[in-house]
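**Student:** Handing you this structure, nothing more for now.
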Amino acid sequence: GGGDGVLSGAVSAVGKLERVECGGESGDDRDPEVLEVLTNGLKPDLQAARRLAKRLYALDGFRKSDVAPHLSKNNDFSQMVAQEYLEHFNFSGMNIDQALRTFLTRFALMGETQERERVLAHFSRRYRQCNPETLSTDDSIHTLTCAVMLLNTDLHGNPQVYRFTVGP
1 GGGDGVLSGA VSAVGKLERV ECGGESGDDR DPEVLEVLTN GLKPDLQAAR RLAKRLYALD
61 GFRKSDVAPH LSKNNDFSQM VAQEYLEHFN FSGMNIDQAL RTFLTRFALM GETQERERVL
121 AHFSRRYRQC NPETLSTDDS IHTLTCAVML LNTDLHGNPQ VYRFTVGP
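Start counting the sequence shown at 1; every next residue gets the next number (full-length UniProt numbering).
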């Protein structure tokens, strides 16, 4: 497979590997790359994370719907990929909704609530890095980001779903 050397020989005889299929589906015209991700607590490969993040950003062999799953997992490698992916964005001088729109044009934010929340937490940290003059904390930026997402969903989402309302 295309994953040979991804971990640069960092796996010992006791190292357990998890193979994660990336890219297209079977029958797809793209050549899927197999990434080998350590699951035994060894340090993940920063260069592999950097390469994957670059390909995700460029949609090189990936669809917009393929991006969020790589950014939202709760493991060291996914967190490194997300951090590297966000490095491709410059939110300097943007307000939060402009930055969020810019961010969300690159991929489809899908998945469970907890997974989406992790992606938005990465966004919030990057937004603050790009706007250090703000007096806000990472947490307050994240809270505002989630509120904007909730209100947007409420405004444009499924009309059959409960909506926030004011009044009796």
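We put the beta carbon where it would ideally sit given N, CA and C, even for glycine.
Tell me whether MET80 sits in a helix, a strand or coil according to DSSP, three-state version.
**Tutor:** MET80 falls in the helix class under three-state DSSP.
**Student:** Can you find the residues in the same chain that come closer than 6 angstroms, C-beta to C-beta, to LEU151, ignoring five residues on each side of it along the sequence?
**Tutor:** If we look at LEU151 and ignore the five residues flanking it on each side, it has no Cβ neighbours.
**Student:** I'd like the span of the alpha helix (DSSP H) that includes ARG51, first residue to last.
**Tutor:** Here the alpha helix (DSSP H) through ARG51 covers 46–58.
**Student:** Can the beta-carbon of THR102 be found closer than 8 angstroms to that of MET94?
**Tutor:** Yes, Cβ-Cβ distance for THR102 and MET94 is below 8 angstroms.
**Student:** State the DSSP-derived secondary structure class of GLU152, mapped to helix, strand or coil.
**Tutor:** Note that residue 152 is Asn in the sequence shown here, rather than Glu. Note: ASN152 maps to helix in three-state DSSP.
**Student:** Less than 8 angstroms between the C-beta atoms of LYS54 and ALA108, yes or no?
**Tutor:** Cβ distance not < 8 angstroms, so LYS54 and ALA108 don't count as in contact.
**Student:** Let's see if you can read the secondary structure: which residues bound the alpha helix (DSSP H) around LEU71?
**Tutor:** Residues 64–72.
**Student:** Thinking C-alpha only, which one of ASN75, SER136, THR143, PRO69 is nearest ALA121?
**Tutor:** It is THR143.
**Student:** In this structure, how does DSSP classify HIS88 when only helix, strand and coil are distinguished?
**Tutor:** Here HIS88 sits in coil by DSSP.
**Student:** Closer than 6 angstroms by C-beta to MET149: which residues in its own chain qualify, once you throw out the five before and the five after it? Chain order, please.
**Tutor:** So the list is empty, once near-sequence residues are dropped.
**Student:** Do ARG128 and THR134 have their beta-carbon atoms positioned less than 8 angstroms apart in this structure?
**Tutor:** Their beta carbons are under 8 angstroms apart, which means THR134 touches ARG128 by this criterion.
**Student:** What is the C-beta distance between LEU52 and HIS70, in whole angstroms, given that I count them as a contact (C-beta under 8 angstroms)?
**Tutor:** So it is a contact: roughly 7 angstroms between Cβ atoms.
**Student:** Roughly how many angstroms separate the alpha carbons of SER140 and ASN131, rounded to a whole number?
**Tutor:** Roughly 14 angstroms between the two C-alpha positions.
**Student:** Buried or exposed, going by whether 16 or more other CB atoms sit within 10 Å of the CB of LEU59?
**Tutor:** Exposed, since its Cβ has fewer than 16 Cβ neighbours within 10 Å.
**Student:** Among residues of its own chain, excluding the 5 on either side of ASN90, which ones have a beta-carbon nearer than 7 angstroms to its beta-carbon?
**Tutor:** Closer than 7 angstroms at the Cβ level, and outside the excluded window around ASN90, lie CYS130.
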